[in-house]
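Below: the structure, in structure tokens.
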Amino acid sequence: MKNLFKGYSGQYVAMVNKKIIASGKTTLEAYQKAKKINSTEMLSFTYVPTKKETITFL
Amino acid sequence: MKFSYQYFEGQKLPIVPLKIKGTSGWLEFNVYIDTGASYSLFPADAAEIIGLELEKGDLTEMTVGDGNHIQVYIHNLPLSLAGKEFIARIGFSKGLGVGFYIMGRKDIFDKFIVCLYYFTILKRFNYILQHRNLYELV
Numbered sequence: 001m002k003n004l005f006k007g008y009s010g011q012y013v014a015m016v017n018k019k020i021i022a023s024g025k026t027t028l029e030a031y032q033k034a035k036k037i038n039s040t041e042m043l044s045f046t047y048v049p050t051k052k053e054t055i056t057f058l
Numbered sequence: 059m060k061f062s063y064q065y066f067e068g069q070k071l072p073i074v075p076l077k078i079k080g081t082s083g084w085l086e087f088n089v090y091i092d093t094g095a096s097y098s099l100f101p102a103d104a105a106e107i108i109g110l111e112l113e114k115g116d117l118t119e120m121t122v123g124d125g126n127h128i129q130v131y132i133h134n135l136p137l138s139l140a141g142k143e144f145i146a147r148i149g150f151s152k153g154l155g156v157g158f159y160i161m162g163r164k165d166i167f168d169k170f171i172v173c174l175y176y177f178t179i180l181k182r183f184n185y186i187l188q189h190r191n192l193y194e195l196v
């Protein structure tokens, strides 16, 4: 998992079967890119935090 | 059901997969478990991909961690968590200051017992079924 998200800090990624197929600054952007690549399988979205965002007070 | 913590930048975060049924089927969001949040909250653009008209939700105001207030539209949505399907109120906001999708207590923590074992890197979800006005732990 650790390496999977390398290079995507601060972005939303769209995955199919645990493989990243698209990314964007918003969920919508990632979704729109992903739909052009794979419009049939269920998409999974993850926000990849920056280093500062991994220590939170929510 | 148990989930492993997810590692980001050397930190382990309590993030679990939550499915939401939209107009064109199920979508999965990896959500941050926030026991301090009253509601589950997503950025407003997530409503669009789920197929919702954001402003048709119930508008409410919520207080966030820095003391500010944000406007949130609440929608009732079919969810699937730890293999169980149910309806829950989910909030969407243009003012959410964090990138994470937040899983809060409303309509979720009344259905699951959530245990965070930080040192054994396990999260356990036990579902509580309402059956003949009795609650059973399964």
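Chains as they are written, first to last, in the working numbering: chain Y, 1 to 58; chain Z, 59 to 196.
Cβ atoms here follow ideal geometry from the backbone N, Cα and C, with glycine treated the same way.
Just to confirm my understanding: we take residue i, look at its own chain, exclude 5 residues before and 5 after, and list those with CB closer than 8 Å. What are they?
i              : result
residue 16(Y)  : 34, 38, 41, 42, 43 and 44
residue 8(Y)   : 20, 23 and 48
residue 55(Y)  : none
residue 127(Z) : 119, 120 and 121
How long is the line joining the alpha carbons of residue i and residue j, rounded to whole angstroms?
i              : j              : result
residue 134(Z) : residue 95(Z)  : 17 Å
residue 160(Z) : residue 21(Y)  : 23 Å
residue 153(Z) : residue 60(Z)  : 32 Å
residue 102(Z) : residue 145(Z) : 19 Å
residue 25(Z)  : residue 73(Z)  : This structure cannot speak to residue 25(Z), because chain Z is shown only from 59 to 196.
residue 194(Z) : residue 64(Z)  : Note that residue 194(Z) scores a pLDDT of 38, beneath 50, so its modelled location is shaky and nothing firm can be said.
residue 156(Z) : residue 85(Z)  : 20 Å
residue 118(Z) : residue 147(Z) : 12 Å
residue 46(Y)  : residue 13(Y)  : 5 Å
residue 51(Y)  : residue 66(Z)  : 8 Å
residue 196(Z) : residue 143(Z) : Confidence at residue 196(Z) is low in this model, with a pLDDT of 33, below 50, so the placement of that residue is unreliable and no value is reported for it.
residue 68(Z)  : residue 120(Z) : 31 Å
residue 170(Z) : residue 32(Y)  : 33 Å
residue 115(Z) : residue 123(Z) : 23 Å
residue 90(Z)  : residue 6(Y)   : 19 Å
residue 151(Z) : residue 3(Y)   : 31 Å
residue 25(Y)  : residue 53(Y)  : 15 Å
residue 30(Y)  : residue 174(Z) : 30 Å
What residues of chain Z sit near residue i, judged by a beta carbon separation below 8 Å?
i             : result
residue 28(Y) : 103, 104, 106 and 107
Interface residues of chain Y around residue i at Cβ under 7 Å?
i             : result
residue 87(Z) : 45
Counting only Cβ pairs nearer than 8 Å, list the residues of chain Y close to residue i.
i              : result
residue 112(Z) : Here the premise fails: no neighbours, minimum Cβ distance about 12 Å.
residue 83(Z)  : 42
residue 67(Z)  : 9, 49, 50, 51 and 54
Taking C-beta pairs closer than 9 Å, name the residues in chain Y that residue i reaches, listed in chain order.
i             : result
residue 71(Z) : 49, 54 and 56
Which residues in the same chain have their Cβ closer than 7 Å to the Cβ of residue i, if we skip the five residues on either side of it in sequence?
i              : result
residue 190(Z) : Bear in mind that the predicted position of residue 190(Z) carries a pLDDT of just 41, short of 50, making it too unreliable to give a figure here.
residue 113(Z) : 131
residue 192(Z) : Residue confidence for residue 192(Z) is low, a pLDDT of 40 falling below 50, so the modelled location carries little weight and cannot support an answer.
residue 92(Z)  : 160, 161 and 162
residue 27(Y)  : 12 and 45
I'd like the list of long-range same chain contacts for residue i, defined as Cβ closer than 6 Å, with 5 residues on each side in sequence excluded.
i              : result
residue 149(Z) : 97, 99, 130 and 132
residue 138(Z) : 77
residue 11(Y)  : 23 and 48
residue 140(Z) : 59 and 183
residue 79(Z)  : 136
residue 246(Z) : There is simply no residue 246(Z) to check, as chain Z begins at 59 and stops at 196 in what is shown.
residue 87(Z)  : 76 and 159
(request) Compile a chain-ordered list of the residues in the region 39–55 of chain Y whose CB is closer than 8 Å to at least one CB of chain Z. (result) 42, 43, 44, 45, 46, 47, 48, 49, 50, 51, 53, 54 and 55
(request) Taking a Cβ distance cut-off of 9 Å, strictly less, list which residues of the region 133–162 of chain Z are near chain Y, in chain order. (result) 156, 157, 158, 159 and 160
(message) For the region 165–176 of chain Z against the region 102–113 of chain Z, do three or more pairs of beta-carbon atoms, one drawn from each stretch, fall closer than 8 Å, so that the two count as touching?
(response) no
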